[in-house]
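Heads up, the sequence shown is in the working numbering, so the first residue is 41 and it goes up one at a time.
Reviewing the structure listed below.
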Amino acid sequence: MFIPQVVLLVYEKDAVSLLRAQLKAADGTVLYDSINSSQWTAMKTQIKNHVAGFYTDAGANVRIVDSSAGLASPYTVVRLVKGSGFPVNTWGYGGGCDFHDLRPNAEPADDMAKVLVVGHRWIINDAYQNSVPLPTLPLGPDNLSWSIAITVCHELAHSLGLVYNNTILGGTPYPLCHNPGTPPTGWQWHLMTGGSPTKEHLDPASNWCWKEVNTDYLKFILPKE
Ligand SMILES: [Zn+2]
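Structure representation (structure tokens):
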């Protein structure tokens, strides 16, 4: 019997307010509508389920929770933050990406995996301005849930140690720490690839998979049996 890595998703209040606010382009086109509270509740369930699904696919012993009520340590944290201080063209931030760089319950939060709301909104708007392909506009809560989940999954994996040790895990050197190359036929993106197209990042119908060397690593550090 193995103990799972518990991962707490923390939603900072000002980040949630900004995420839920309507996003409009300069020409008045609505890129996404404001998100009401029942939609936000549903989104949180979707995000949790998507992230859990990716880690289930990996065969890794990870449990995703989004409420700290009754949660015993150790656990690791992924935060939804406004992210005003980060490069605007960034979906998220992975913290350290050395082997098993877990910081259970770590504070300050500066060094932990994050999803950046300013980055999400900037990237969507920038794609629209530059005629970069996007899913059908206006985007809906499903598109945002998917994008947040992909980001959580990716940044959390950085926190778990993917993919700095490039000769072992097939990654590019620090600070990029991503897997180059294309996924197998039938799959569009590796979860630890950097710079995926905006459309696939926002489209729940897009296919994402783990690179096999990464699932081997995740199963090794977080075995289920
Ligand atoms: Zn990354």
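In this text, a Cβ means the ideal position worked out from N, Cα and C, and glycines have one as well.
Self-check item: Rounded separation between H90 and N170 - CA only
Solution: Locating residue 90 in the sequence shown gives position 50, counting from the first residue. Locating residue 170 in the sequence shown gives position 130, counting from the first residue. About 29 Å.
Quiz item: If we ignore side chains and look at the alpha-carbon of each, how far apart do L120 and V172 end up?
Solution: Counted from its first residue, the sequence shown places residue 120 at position 80. Counted from its first residue, the sequence shown places residue 172 at position 132. Each residue's Cα considered, the two are about 25 Å apart.
Quiz item: For I104, which beta-bridge partners are listed by DSSP?
Solution: Here residue 104 refers to the residue found at position 64 when the sequence shown is read from its first residue. DSSP lists V47 as partners of I104.
Quiz item: Any idea what DSSP makes of K84, helix, strand or coil?
Solution: On the sequence shown, residue 84 is found 44 positions in, with the first residue counted as 1. Helix, per DSSP.
Practice problem: Please state whether DSSP places T116 in a helix, a strand or coil. | Solution: Translated into the one-based positions of the sequence shown, residue 116 becomes position 76. Strand at T116.
Quiz item: Can you name the residues that DSSP bridges to N230?
Solution: Here residue 230 corresponds to residue number 190 of the sequence shown, with the count starting at 1. In the sequence as displayed, the identity of residue 230 is His instead of Asn. H230 is bridged to C249.
Practice problem: Quick one: using the 10 Å Cβ neighbour count with 16 as the cut-off for buried, is M41 buried or exposed? | Solution: Within the sequence shown, residue 41 is the residue found at index 1, counting from 1. The residue is exposed, with fewer than 16 neighbouring Cβ atoms inside 10 Å.
Practice problem: For V128, I'd like the list of residues in its chain whose CB is within less than 7 Å of its CB, leaving aside the five on either flank, ordered along the chain. | Solution: By 1-based counting over the sequence shown, the position of residue 128 is 88. For V128, where only same-chain residues beyond five positions count, the Cβ hits under 7 Å are V158, G159, W162.
Quiz item: Closest to K53 by CA distance: which of Q45, S187, S77, K64 is it?
Solution: Taking the sequence shown and counting its residues from 1, the one referred to as residue 53 is at position 13. Out of Q45, S187, S77, K64, S77 has the C-alpha closest to the C-alpha of K53.
Quiz item: Cβ of C249 versus every heavy atom of ligand 1: is any distance shorter than 7 Å?
Solution: Within the sequence shown, numbered from 1, the residue matching residue 249 stands at position 209. No, since every heavy atom of ligand 1 falls outside the 7 Å radius drawn around the Cβ of C249.
Exercise. Within its chain, find whatever has a CB closer than 8 Å to the CB of E243; leave out the 5 residues flanking it on each side and keep chain order.
Key: Within the sequence shown, residue 243 is the residue found at index 203, counting from 1. According to the sequence displayed, residue 243 carries Asp and not Glu. Around D243: P175, N183, W186.
Quiz item: Buried or exposed: where does N254 fall if 16 or more other Cβ atoms within 10 Å of its Cβ makes it buried?
Solution: One-based indexing of the sequence shown puts residue 254 at position 214. By the neighbour-count rule (16 or more Cβ atoms within 10 Å), N254 is buried.
Quiz item: What is the C-beta distance between G235 and Y72, in whole angstroms, given that I count them as a contact (C-beta under 8 Å)?
Solution: Numbered from 1 along the sequence shown, position 195 holds the residue referred to as residue 235. Numbered from 1 along the sequence shown, position 32 holds the residue referred to as residue 72. With a Cβ gap of about 22 Å, G235 and Y72 do not count as contacting.
Quiz item: Among residues of its own chain, excluding the 5 on either side of P237, which ones have a beta-carbon nearer than 8 Å to its beta-carbon?
Solution: If you number the sequence shown from 1, residue 237 lands on position 197. Excluding sequence neighbours, P237 sits near V172, P173.
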